[in-house]
Amino acid sequence: LFLMTGSVNLSLYENLLVSAYGLAAAGQQLGYFQISAIDRFLREKGLQEEVDIFVIDTSPSLSLLNQIIFLGADYFIVPMLPDAFSVQGIENLGTIFEKWKQNWKITGKALSGDTETKFVLAGDGLFIGYVINSYNVYGQQPIKDHRHWMQKIPTKVKGFLSEKHCRNGLVATSWANPLAIIQDYGRIPAKCQEIGTAIFDLDPNLIQDLHQGTKENIEKSKEEFTALSEKIIKIFTEY
């Protein structure tokens, strides 16, 4: 497992994408070269370093940079909070993703002609599921308000993500249950960011003023993320 840090300089690349996407959508070679930069970098890095899977953690915005990353992805997962905003946002997200795919299909992809495949974004990433993040626990169960919103998520996911961005058996398996339900670990993630380590590799002794259950939470996080990883890899082998 390797972590490749992001950079604020990506904002400069995003400025370039404004004109680059327009060129690619018109079938111009320079546009294809520019918008495929991230996709080509990752695929070449994968070959050089023998990396099988890249996980790109994007911002929650519907920016042009995220659009380019989305069009180059083979699969995508949607993290969400158990709240009204996330439930309402599922419809918007699924609709926007559909427009991105369709627009690219009838413009840049259709006009690519003899352009090398590595320069043309596939634009057909599959939705494989969702993860519910940061729910609060009480008595080993999500609190009542969070359970309310968690129960509303599957139906929304089915209609706006699974049925529009899946195929074959993935349609049924991607919405019925989340890939994982990750609890809110309080101050622990902030400490992980500070020292640059995964939550499940964190030394509990590095947390000042240890609260009751900190060690147990770190161990629980390892179990949650291990189970999530195994589910994702299983989906990759089947689809």
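For the sequence shown, position 101 matches number 101 in UniProt numbering, and the numbering has no gaps at all.
Idealized CB from N, CA, C, for every residue including glycine.
Note that the structure is a prediction, hence the values are computed from the model and not measured.
Keeping to the same chain, check which residues put their C-beta closer than 8 Å to that of residue i; ignore five residues upstream and five downstream.
{"i": "Leu-22", "result": "According to the sequence provided, residue 22 is Gly. The question's Leu does not apply to it. These residues qualify, in order along the chain: Gly-31."}
{"i": "Arg-43", "result": "Lys-118"}
{"i": "Ile-96", "result": "Leu-62"}
If residue i sits next to residue j, beta carbons under 8 Å apart, how far is it from one beta carbon to the other, in whole angstroms?
{"i": "Ile-35", "j": "Ala-24", "result": "5 Å"}
{"i": "Gly-27", "j": "Leu-111", "result": "3 Å"}
Go through its chain and collect everything with a Cβ distance to residue i's Cβ below 6 Å, but skip five positions before and after it.
{"i": "Cys-192", "result": "Ile-199, Leu-202"}
{"i": "Gln-67", "result": "Trp-100"}
{"i": "Ile-235", "result": "Ile-128"}
{"i": "Lys-158", "result": "Trp-175"}
Using the C-alpha atoms, what's the distance from residue j back to residue i?
{"i": "Ile-77", "j": "Ser-63", "result": "17 Å"}
{"i": "Asn-168", "j": "Ser-174", "result": "11 Å"}
{"i": "Lys-144", "j": "Ile-195", "result": "34 Å"}
{"i": "Gln-183", "j": "Ser-11", "result": "31 Å"}
{"i": "Ser-229", "j": "Leu-179", "result": "9 Å"}
{"i": "Gln-102", "j": "Leu-93", "result": "14 Å"}
{"i": "Thr-197", "j": "Leu-206", "result": "12 Å"}
{"i": "Phe-41", "j": "Gly-72", "result": "11 Å"}
{"i": "Ala-176", "j": "Gln-29", "result": "42 Å"}
{"i": "Leu-17", "j": "Ser-7", "result": "16 Å"}
{"i": "Asp-114", "j": "Asn-136", "result": "53 Å"}
{"i": "Thr-237", "j": "Ile-188", "result": "33 Å"}
{"i": "Cys-166", "j": "Glu-91", "result": "15 Å"}
Check residue i in the structure and name its three-state DSSP category.
{"i": "Tyr-239", "result": "coil"}
{"i": "residue 275", "result": "Not covered by the structure: residue 275. The range shown for the chain is 1 to 239."}
{"i": "Ile-207", "result": "coil"}
{"i": "Ile-77", "result": "strand"}
{"i": "Thr-58", "result": "coil"}
{"i": "Ser-11", "result": "helix"}
{"i": "Phe-70", "result": "helix"}
{"i": "Thr-214", "result": "helix"}
{"i": "Leu-3", "result": "coil"}
{"i": "Ser-221", "result": "helix"}
{"i": "Ser-63", "result": "coil"}
Going by beta carbon distance, what residues of the same chain come within less than 7 Å of residue i, once the five residues before and after it are set aside?
{"i": "Ser-221", "result": "Tyr-185, Ile-199, Phe-200"}
Query raised in the report: Which ranges does the beta strand (DSSP E) cover as unbroken runs of at least 3 residues, wholly within the stretch 87-147, from first to last along the chain?
Result: 126-135
Query raised in the report: Of all the beta strand (DSSP E) runs that stay within the bounds of the stretch 139-204, which reach a length of 3 or more residues?
Result: 180-183
Requested in this report: At 4 residues or longer, and completely inside the stretch 24-60: list those alpha helix (DSSP H) runs for me, N to C.
Outcome: 29-35, 37-49
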